[in-house]
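As given, the protein sequences belong to chains A and B, one line each in that order.
Its first residue numbered 1, the first sequence is counted upward by one per residue in this note's numbering.
Its first residue numbered 1001, the second sequence is counted upward by one per residue in this note's numbering.
Every residue, glycine too, gets a C-beta built ideally from N, C-alpha and C.
All figures in this text were calculated on a predicted structure; none of them were measured in a lab.
As structure tokens, the structure follows; a few thoughts come after it.
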Amino acid sequence: MKSEMNDLMVLYPDKLWLDLSDQEQQTAWQISAQNHYSNPAARWNAYLNCLCLNAFLDWLKEEPDLGETPKVWPSDYQLPSIWEFVNGTCLTVGELRLVLIPSDKSNLTEFRIPQEWVDIPNWVANYYLAVQINLEENWIGVWGYTTHQQIREKAKYDLMDRTYLLDEEDLIADINVMWVAREVCSVQKPELKMLPELSSVQIEKLLKQLDQWTPDLPENVSEQEWMALLALDKKRQDLYQKRLAKHKGNLVAYSQPLVNNLSKWFQNVFEAGWHSFDTLVSSQQNTLAVQFRSDATLNEVRVKGAKLIDLGMQLRNTAVVLLIGLTSEIDEKVSIRVQLHPANEEVYLPPDLKLLLLSGSGNILQEVQSRSHDNFIQLKKFKSPPGKSFSLQVTLGDISIKEDFMLEKLVG
Amino acid sequence: MKKREDIIEKFSTFLSFGNSSSDLNPIWQTDPNLERCIKSLVESEPDANEEFWAQYFLKVLRKASTEEDTETKANGDAVNIDGLSASTRLPFTTSSLIAGRHMSAYLQEACLWASQKAYQRFKYLRHKYPLEEYFQIANAAANPPGKLLKNFNVEYPLTNIEGYAKTAIIRLISNTIYQHDIEAKRGKFSDYGLLKDLNAKELREALLSKGINHKKLNSYCLVWRCLDKIYQPTRSQGSRSLEPPNQQHIQEIAHCYNQQINKLDFPTAPVSSEKVQSMLSTCVRAARDYRTKRFLSLEEYDNIFDPTLTPWDTLIQEEAWKQVNSIICKLFASIPETGQIMLKLWQGLSLTQTEIATILRANYPDLQKQYQVARQLSRYNQSILKDLVKELKKVHPDICFHNEKDIENIKDAMNECIRSHCQKLLYSTLDIIGEKSPEQDKLLAISHEIQILGKQNYQQISIFLSEASSVLSQVKQNLIISFKNELEKNMNLEQNSLEIVNQKISEFIEEWLKSKLYFAKQG
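Right under this line is the structure:
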């Protein structure tokens, strides 16, 4: 253990200190790195929140007297559509709601709680935890917590970044007090303030005004409207998707679209992110290797390429392996087999995961969806003539990842 | 140094460490002006106790600060003065300045207590501070007293001002050390890494101390905020070594700033990229100075003189928490034995959780790693706290713990009581060992000699002790061995498992010896 963390435990014996491994950092970084956020600020925000949530949830789940399983609110899959807009992650333990608010600054002499977690009626929580992350020294500290009531009574509102502000000394340092208070005094029902109701015209207008990231709200959108929009799960996800699409659109305009050239695979040349089957499988655990190798349908296949895909909901390592097998046929066509397997020691795929085959023009040619206990899913074998392109798309909830492929005409 | 006894002394004297480093015995110095004031107050209300006066001065301070707030409020709303209910129309007139000084004097013992505790508890940090330094830090933390006692609840019967102040000061000492540590690390940050590491409050203070006036302050803060939002690290280790932002970032910051000034109604003109660049450079300089300002070169303290044999500690008792203390003794006995053992190692011997895990590992399969120890300790603490609250409710049915701050106050007192209870238990183990030991007579003789010398002066005690040092160190060595054996047996530990914490055990025994030598006859 790092001496820094030892010192901290001596200085602040009442606070909760958690180790943060390089591995955890790497995983969270890769996950937030993918194109799930429309801007660097949101991506950084997602990275910190992801680290914070994973560490705290692991710790909380082992809390023996908890009684109920802690859950991510609203759901793992919806987190990106929160982290795109706001710092903070909400957990529920039974009726109790906690919001974790991470910061990577060295000194937490003040605790800033984004307005959204306090003023959006369905986002409001009982407790707000100030979580400090030190990325260089590899630790996470729960610096203290406050209650909704205390924020209402004591916090100042800072117009500049729309946060509620508390001094460090107003926080309660020991989260044990939280569990004791839960039993000893009745938990205060947070006092709610109503937000304006948005008409569908207003919503459409807002979605348009907000579809591109700006460091703060555009001048013509009020805080009230903004929060009223975020409160609507469906609309918030729409806005998130719009932003992503717009962001990706911008990227495409700058750079060449990345197309995987499958013909090169026959020469063992793979595009970035793709590996030959053997390379990837050796980095994964044995079960996956066994699963692949024992799959007769793939044995006849000459070339196998695989890619590890993080689905962005990151939590609990939701990653899958997309596997493509190629066999050249006599008629110059190539027959293609596509499978999707769970990664990282998981036995089953997450349910409702979709694998789609799209034509070059974007029409859906095939679609399969996982059920609750599928070890893998696959498309029907298909053939693609040289010179034609196709796409594969993997979709789960909000997240969807598309890969484009083409086969060159074989010369000679 | 004596403990202050009467009320007049308590509200008018300050502790002084003297100038010569050879004389480490601090003395009480009287402030004649304060002495005059408190004398006349005491004459008019001879039956009032110290807590009454402490609360009275606190009320004066609170009233003054509320009035200040009211004056600065343009609309002059009626303000409800916290903690000043109908029962407390102030019977005397004292200026808030004087009241503050009285409070500072009163809190001297709390400061001393906190600095001694800090000195003991933080002995094993990588950087060490001498006791005087802790006392200075404690004094800085206790002033102004109104701020220190901001969250103290006058209506709450279970704790008094001194007790509250003690734990609050300890907390602030921790913060100061943490602050020093951050300052010591400033060299590891690039310019923009440092700028991004500051929080808004720190930036504001940094700019103010750089002489940026209030009018301009908001503009600078806004530029910084735009930077903080727009310019993000591109590696997972964070922002410590961030490069300066490029031209595109600067333009975005200017754009963001110009949008925001409209929205926030700032009375300033829009800025160009060049202006942004120069404002950010000012912020960087302010940040560097700020993180340097209170930084003391800690290396200087490597060879500090350890006032090992100064008998202050036991002078200051945990009077503030009597009631809590008696409940804790009962509750402690009721938790499982493993819990008692862990708490004794943790709070009694000041072992770290990592050390505890190493010691218990062999015979306690559930306690292999630091985090497992941490979790168990926090479970025991939680259950003691829960029971403590229930017990207190029985004794004081009128108290309701509706606020988490109330519970936290009790918890701070609880921690101190558990700590001192664990130490007492270990001391009594040592007492038994000491009585059986062949050196018992030598110890008594030395102690007797000190009692006689004690009436004369401190310096002679030092000389005497250095003469007796070889005997003492022999006694100590034997005690260490017997104490370790006894603990290993009682706590069901692997043989020699306490070897790794020899240093801490040795210091613990030294503390015990001190208390024996100086106070053997007193109790």
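Any idea which residues DSSP pairs V303 of chain A with across the strands? A:L326
Beta-carbon neighbours of A130 of chain A, restricted to chain B and to distances below 8 angstroms: What A130 of chain A touches in chain B: nothing, since even the nearest Cβ is about 11 angstroms away.
Checking contacts by CB at 7 angstroms: is S370 of chain A closer than that to chain B? no
DSSP puts M406 of chain A in a beta bridge; with which residues? A:N261, A:S389
Best match in B:K1147, B:L1158, B:G1163 for proximity to D167 of chain A [C-alpha to C-alpha]: B:K1147
Using a threshold of 7 angstroms, state whether the C-beta atoms of A306 of chain A and N344 of chain A are closer than that. no
Pull up the distance between the alpha-carbon of Q1340 of chain B and that of W1346 of chain B, whole angstroms please. 10 angstroms
8 angstroms Cβ cut-off: residues of chain B touching L244 of chain A: Those within 8 angstroms of L244 of chain A in chain B number zero; the least Cβ separation is about 18 angstroms.
Among residues of its own chain, excluding the 5 on either side of D119 of chain A, which ones have a beta-carbon nearer than 7 angstroms to its beta-carbon? K193, M227
With 7 angstroms set as the bound, which would you pick, yes or no: does the beta-carbon of S1378 of chain B sit closer than that to a beta-carbon of chain A? yes
Inter-stretch contact at 8 angstroms, needing at least 3 Cβ pairs: the segment 141 to 149 of chain A / the segment 1383 to 1402 of chain B: no
Secondary structure of Y348 of chain A, DSSP reduced to three states: coil
Under 7 angstroms, do K1185 of chain B and S1239 of chain B count as touching if we go by C-beta distance? no
Residues of chain B with CB under 9 angstroms from E225 of chain A, in chain order? Within chain B, no residue comes near E225 of chain A; the closest Cβ sits about 14 angstroms away, beyond 9 angstroms.
For L1385 of chain B, I'd like the list of residues in its chain whose CB is within less than 7 angstroms of its CB, leaving aside the five on either flank, ordered along the chain. K1411, M1414
Look at the alpha carbon of L413 of chain A and the alpha carbon of L262 of chain A, and state the distance between them as a whole number of angstroms. Because residue 413 of chain A is not part of the residues shown, which for chain A are 1 to 412, the question remains open.
Where R337 of chain A sits in the DSSP three-state scheme: strand
I'd like to know whether the C-beta of M194 of chain A is nearer than 7 angstroms to at least one C-beta of chain B. no
Please determine if the segment 1161 to 1176 of chain B and the segment 1250 to 1265 of chain B are in contact, where contact requires at least 3 C-beta pairs separated by less than 8 angstroms. no
Any chance the segment 1488 to 1499 of chain B sits against the segment 1465 to 1474 of chain B, with 3 or more Cβ pairs inside 8 angstroms? no
Local Cβ density within 10 Å of L159 of chain A, reported as buried at 16 or more and exposed below that: exposed
Between I172 of chain A and chain B, is any beta-carbon pair separated by less than 7 angstroms? yes
Applying a beta-carbon distance threshold of less than 7 angstroms, which residues of chain B neighbour N6 of chain A? T1352, T1354
Name the two residues that bound the continuous beta strand (DSSP E) containing F56 of chain A. Where F56 of chain A is concerned, there is no enclosing beta strand (DSSP E), although the alpha helix (DSSP H) it sits in stretches over 40 to 61.
Please state if the CB of P114 of chain A and the CB of T163 of chain A are separated by a distance shorter than 7 angstroms. yes
Boundaries (first-last residue) of the alpha helix (DSSP H) holding N134 of chain A: Looking at the DSSP string, N134 of chain A is not in any alpha helix (DSSP H); the run it does join, the beta strand (DSSP E), is 127 to 134.
Nearest candidate by alpha-carbon position, reference Q1370 of chain B, set B:P1046, B:D1387, B:T1352: B:T1352
With burial defined as no fewer than 16 other Cβ atoms inside 10 Å of the residue's Cβ, what is the status of Y348 of chain A: buried or exposed? exposed
Which residues of chain A have a Cβ atom closer than 8 angstroms to the Cβ of E1202 of chain B, listed in chain order? N107, T109
For K1229 of chain B, the nearest candidate out of A:D233, A:W213, A:T89 (CA to CA): A:W213
Of all the options A:M5, A:L356, A:E68, A:E191, which has the alpha carbon lying nearest to the alpha carbon of R1126 of chain B? A:M5
N1485 of chain B versus K1322 of chain B: straight-line alpha-carbon distance, rounded: 33 angstroms
Please check if any C-beta of chain A sits within less than 7 angstroms of the C-beta of D1398 of chain B. no
Consult DSSP for W213 of chain A and reduce its assignment to one of helix, strand or coil. coil
Rounded to the nearest angstrom, what separates K354 of chain A and P80 of chain A at their Cα positions? 18 angstroms
Could you tell me the alpha carbon to alpha carbon distance between E1043 of chain B and L1097 of chain B, rounded to whole angstroms? 21 angstroms
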